[in-house]
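Novice:
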Amino acid sequence: MRRTDRRRASGPLTVGTLAAFLLLTACTGAEAPVTSATSPSGPPMRVEGTWAARISAPHAAAFYFIATNDASADDRLIGATSSEAGTVGLYENGAEGETTLVPVDAIVVPAGGSVSIEPGGFEVVLLEVGVPIREGASLSIVLEFEHAGEIAVDAEVRPFVDPATL
54 MRRTDRRRAS
64 GPLTVGTLAA
74 FLLLTACTGA
84 EAPVTSATSP
94 SGPPMRVEGT
104 WAARISAPHA
114 AAFYFIATND
124 ASADDRLIGA
134 TSSEAGTVGL
144 YENGAEGETT
154 LVPVDAIVVP
164 AGGSVSIEPG
174 GFEVVLLEVG
184 VPIREGASLS
194 IVLEFEHAGE
204 IAVDAEVRPF
214 VDPATL
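Plus 53 on top of the position in the sequence shown (first one is 1) and you've got the working numbering.
1. Kindly indicate which three-state DSSP category Thr153 falls into: helix, strand or coil?
2. Can you find at least 3 beta carbon pairs, one from the stretch 157-170 and one from the stretch 180-195, that sit closer than 8 Å?
3. Quick check on the DSSP output: the beta strand (DSSP E) that includes Ser125 runs from which residue to which?
4. For Ser136, which option in Ser193, Ala120, Ala208 and His200 has the closest C-alpha, if you only look at C-alpha atoms?
5. Tell me the rounded alpha-carbon separation between Ala164 and Ala113.
6. Which of the three DSSP states, helix, strand or coil, is assigned to Glu145?
7. Taking only three categories from DSSP, how would you classify Val177?
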């Protein structure tokens, strides 16, 4: 098992490293697996519809889900860790048409609402993944919310699909 490092990505990911992210925006194919986790303590937070995809960078994957905040106050996703990755970062896609993800410090989950972490929007990126990232495999991650605390979830890896082949 790899040591988990809580480092956050410090700069934008390059065009070459993230060309696959643009491709992912048209590549969800099947419905998201029915997966769900809730906050073990603190305000109610649900994480559902988790899935992951291998990206073009070596040993890298993107992690997607919907976070629903049932509390009466906003919460924020402030970080994530994985025993299967050296670094996990929170990103937002750049301006439309750009192939760069910009690191963010937090992702707001509004009170009584939800936020989708999905291709083309916010993304959680695992770098230096130390396990094979194959279709059907599972990746584990612990999401850290400012108020709801830590929520551990698993995601099935879906195939990487090149939109040019659709």
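Backbone N, C-alpha and C define an ideal beta-carbon position, used for all residues, glycine too.
Specialist: In short, the structure shows the following:
1. Judged by DSSP in its simplified three-state form, Thr153 adopts coil rather than helix or strand.
2. no
3. No beta strand (DSSP E) holds Ser125; DSSP gives it neither H nor E.
4. When each option's Cα is compared against that of Ser136, the closest is Ser193.
5. 32 Å
6. strand
7. strand
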